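Visitor:
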Amino acid sequence: MGSPRIGVVGATGAVGTITLELLAGRGYQVRAFASARSAGTRLPFGDGDILVEEATHEALGAGDIDLFLFSVGTGASRELVPVAAGAGAICVDKSSAYRLVDGYPLVVPEVNGARALEALERDRIVANPNCCTIPLTCVLKPLHDAAGLRRVRVATYQSVSGAGAQRMEALRAEPTAEHNLVMDWSWEGDESDEESKLRAETRKILELPELPISATCVRVPVLVGHSEAIWIELEEPLSPERATELLQQAPSVRVLELPAFPTPRDAAGGDEVLVGRIRRDTASENGLALFLANDNLRKGAALNAIQIADLLLGVAAEPSR
Ligand SMILES: NC(=O)c1ccc[n+]([C@@H]2O[C@H](COP(=O)([O-])OP(=O)(O)OC[C@H]3O[C@@H](n4cnc5c(N)ncnc54)[C@H](OP(=O)(O)O)[C@@H]3O)[C@@H](O)[C@H]2O)c1
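The opening residue of the sequence shown carries number 1 in the UniProt record's numbering; numbering runs sequentially from there.
1. How many whole angstroms separate the CB atoms of Asn-304 and Glu-201, which I take to be in contact at a CB cut-off of 8 Å?
2. Going by C-alpha to C-alpha distance, which of Ile-65, Glu-118, Asn-180 sits closest to Val-220?
3. On the premise that Gly-63 lies in contact with Val-83, defined as a C-beta separation below 8 Å, what is that separation, rounded to the nearest angstrom?
4. When every heavy atom of ligand 1 is checked, does at least one fall within less than 8 Å of the C-beta of Cys-217?
5. My output table needs one value for Asp-310: the three-state DSSP class, helix, strand or coil.
6. Kindly indicate the opening and closing residues of the beta strand (DSSP E) around Ile-213.
7. For Gly-10, verify whether its CB is less than 8 Å away from any heavy atom of ligand 1.
8. Would the C-beta of Asn-128 count as close to ligand 1, meaning under 8 Å from any of its heavy atoms?
9. Got a sec, what are the start and stop residues for the beta strand (DSSP E) Ala-36 sits in?
10. Using a threshold of 9 Å, state whether the C-beta atoms of Leu-69 and Val-8 are closer than that.
11. Would a C-beta distance cut-off of 9 Å place Ala-302 and Lys-94 closer than the cut-off?
12. For Cys-217, which option in Val-224, Glu-195, Leu-208 has the closest C-alpha, if you only look at C-alpha atoms?
13. Bridge partners of His-179, per DSSP?
14. Check Ser-192 in the structure and name its three-state DSSP category.
15. Only counting runs of 3 or more residues, tell me where the beta strand (DSSP E) segments fall wholly within the region 50-120, in order along the chain.
16. Which value, in whole angstroms, describes the spacing of the CA atoms of Ala-260 and Gly-276?
17. Which full runs of the beta strand (DSSP E) of 3+ residues lie inside the region 227-314, going along the chain?
18. Taking 8 Å as the cut-off, does the CB of Gln-166 come closer than this to any heavy atom belonging to ligand 1?
19. Assuming Thr-156 is part of the beta strand (DSSP E), what are its boundary residues?
20. Using the Cβ count rule (16 or more neighbours within 10 Å means buried), how would you classify Val-101?
21. Can you confirm whether Pro-175, when its beta carbon is compared against all beta carbons of chain B, has any partner nearer than 9 Å?
22. Taking only heavy atoms of ligand 1 into account, decide whether any of them is closer than 8 Å to the Cβ of Ala-260.
23. Tell me the rounded alpha-carbon separation between Ser-239 and Leu-313.
24. Under the criterion of a Cβ to heavy atom distance below 8 Å, does Gly-40 qualify as lining ligand 1?
25. Excluding five sequence neighbours on each side, which residues of the same chain lie with their C-beta closer than 8 Å to the C-beta of Ser-192?
26. What does DSSP give as the partner residues of Gly-7 in its beta bridges?
27. DSSP on Gly-16, reduced to helix/strand/coil?
28. What is the rounded straight-line gap between the Cα of Arg-321 and the Cα of Gly-48?
29. Arg-26 by DSSP, collapsed to three states: which one?
30. Is Glu-241 near ligand 1, going by C-beta to nearest heavy atom under 8 Å?
Here's what the structure looks like:
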């Protein structure tokens, strides 16, 4: 049997280009897709380049790709993912189209990787969480397992690349134009969709449907790398020293100790969730405060989806009994 065939849909975008970079040399056969706007162009891939094909229903529904990684936005995902899944492909979708829909696994491999396997028994669609939810759950999970989460508060500092390739270009072209904090989200009453996603997705992944979480999400004039200030209230006491030990052992997490602290610049281009400033939060019982930074395009999006793909293709490749 040849190596698995992967289709990257949205290959020209901020997440798609990193997806191609991470897939090169991983042993997969890769094809790249985007809209009609960029069909026929070529993108760097490994030591050479790769043709961008138009993501038509015919191309995605041809049944000649084992797994698609989608990073095309919610509307396009709702249209195209069912076409690819209907033709038998596994689909890992990075938009919010399926994340909170019952029956679709929402997966961070280090936290709830086994959930991804459920997709193989259903309609083969797995959702990839929001770029702030992924690092947050990587950090919360070991602390919850040790001492039980009672309440979480988080303030985000999200980079411009979270809003896509065009916004990155705008910041590169005119760096001072974006020298401000912005809240460029959709509003649901007095809360942003980014804030409600962070709460609902974290609850789903940790399987804590009632966990109180409040978030304030802000975009900052940084190109790549999201940061989060986190305040946690636990059921049981947990010292900052013990929390540090637990996070040092957690997969995909790297703890920095003062005078070092996590910054988006240090996180950008890396695969780890950087965590630091781990300290007691005296404002709540059994409180801890900490700070993280993570590359939103890598572990926050492309890498997490590729890890799901690795997991599912490894399982799918096993001989059936
Ligand atoms: N950026 C992040 O940090 C991040 C993190 C997690 C999740 N996500 C999610 O990933 C998705 C993409 O984000 P992004 O930041 O990469 O956006 P982006 O830079 O704007 O890229 C969008 C990509 O989708 C393609 N596309 C748009 N409409 C399409 C259609 N109808 N058919 C086929 N391709 C289409 C575009 O192709 P053309 O170039 O041909 O227009 C482009 O390749 C979004 O759902 C976003 O929420 C992003």
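The beta carbon of each residue, even a glycine, is placed where N, CA and C say it ideally should be.
Keep in mind it's a predicted model, so treat the numbers as computed, not measured.
Guide: Based on what the coordinates show:
1. One-based indexing of the sequence shown puts residue 304 at position 304. One-based indexing of the sequence shown puts residue 201 at position 201. Actually they do not touch by this definition, with Cβ atoms about 12 Å apart.
2. Taking the first residue of the sequence shown as 1, we reach residue 220 at position 220. Here the closest residue by C-alpha is Asn-180.
3. Within the sequence shown, the letter at position 83 stands for residue 83. Within the sequence shown, the letter at position 63 stands for residue 63. Contact flag wrong, Cβ pair sits at about 11 Å.
4. In the sequence shown, residue 217 corresponds to position 217, counting from 1. In terms of side-chain proximity, the C-beta atom of Cys-217 is found no nearer than 8 Å to any non-hydrogen atom of ligand 1.
5. As a first step, residue 310 is located in the sequence shown; it is residue number 310 there, counting from the start. Helix.
6. Within the sequence shown, numbered from 1, the residue matching residue 213 stands at position 213. Membership of Ile-213 in the beta strand (DSSP E) is indicated by the continuous run 213-219.
7. Indexing the sequence shown from 1 puts residue 10 at position 10. Within the cutoff, so yes.
8. In the sequence shown, counting from the first residue as 1, residue 128 sits at position 128. Asn-128: yes, Cβ under 8 Å from ligand 1.
9. As a first step, residue 36 must be located in the sequence shown, where it is residue number 36. Premise fails: Ala-36 is in no beta strand (DSSP E) and is neither H nor E.
10. Working through the sequence shown from its first residue, we reach residue 69 at position 69. Working through the sequence shown from its first residue, we reach residue 8 at position 8. Yes; because the gap between Cβ atoms is below 9 Å, this pair is in contact.
11. As a working mapping, residue 302 is identified with position 302 in the sequence shown. As a working mapping, residue 94 is identified with position 94 in the sequence shown. By the CB criterion at 9 Å, Ala-302 and Lys-94 fall inside the cutoff.
12. Indexing the sequence shown from 1 puts residue 217 at position 217. Among Val-224, Glu-195, Leu-208, the Cα nearest to that of Cys-217 is on Glu-195.
13. As a working mapping, residue 179 is identified with position 179 in the sequence shown. Paired residue(s): none; His-179 is not in a bridge.
14. As a working note, residue 192 is residue 192 in the sequence shown. Three-state result, Ser-192: strand.
15. The qualifying runs are 67-70, 90-93.
16. For the purposes of this step, residue 260 is identified with residue 260 of the sequence shown, where counting begins at 1. For the purposes of this step, residue 276 is identified with residue 276 of the sequence shown, where counting begins at 1. Near 8 Å, if we compare the C-alpha coordinates of Gly-276 and Ala-260.
17. Considered as a whole, the region 227-314 harbours 253-255, 273-280, 287-294 as its complete beta strand (DSSP E) runs of no fewer than 3 residues, in chain order.
18. Reading the sequence shown from its first residue, position 166 is the one you call residue 166. Indeed, a heavy atom of ligand 1 lies less than 8 Å from the Cβ.
19. Within the sequence shown, numbered from 1, the residue matching residue 156 stands at position 156. First-last of the beta strand (DSSP E) with Thr-156: 149-158.
20. Looking up residue 101 in the sequence shown gives position 101. With fewer than 16 Cβ atoms within 10 Å of its Cβ, Val-101 is classed as exposed.
21. No chain B is present in this structure, which holds just one protein chain.
22. By one-based count along the sequence shown, residue 260 stands at place 260. No, the Cβ of Ala-260 stays beyond 8 Å of every heavy atom of ligand 1.
23. Here the question's residue 239 lines up with position 239 in the sequence shown. Here the question's residue 313 lines up with position 313 in the sequence shown. One C-alpha to the other measures close to 40 Å.
24. As a working mapping, residue 40 is identified with position 40 in the sequence shown. Gly-40 Cβ: outside cutoff for every heavy atom of ligand 1.
25. The count along the sequence shown starts at 1 and reaches residue 192 at position 192. Taken in chain order, the residues that qualify are Met-183, Trp-185, Ser-186, Cys-217.
26. For the purposes of this step, residue 7 is taken as residue 7 along the sequence shown, with counting starting at 1. Beta-bridge pairing links Gly-7 to Arg-31, Phe-68.
27. Counting from 1 along the sequence shown, the entry for residue 16 is found at position 16. Correct three-state label for Gly-16: helix.
28. To locate residue 321, count along the sequence shown from 1; it is residue 321. To locate residue 48, count along the sequence shown from 1; it is residue 48. Confidence in Arg-321 is poor, its pLDDT being 39 and thus under 50, which makes the residue's placement too unreliable to answer from.
29. If you number the sequence shown from 1, residue 26 lands on position 26. Coil, per DSSP.
30. Position 241 of the sequence shown, counted from the first residue, corresponds to residue 241. No.
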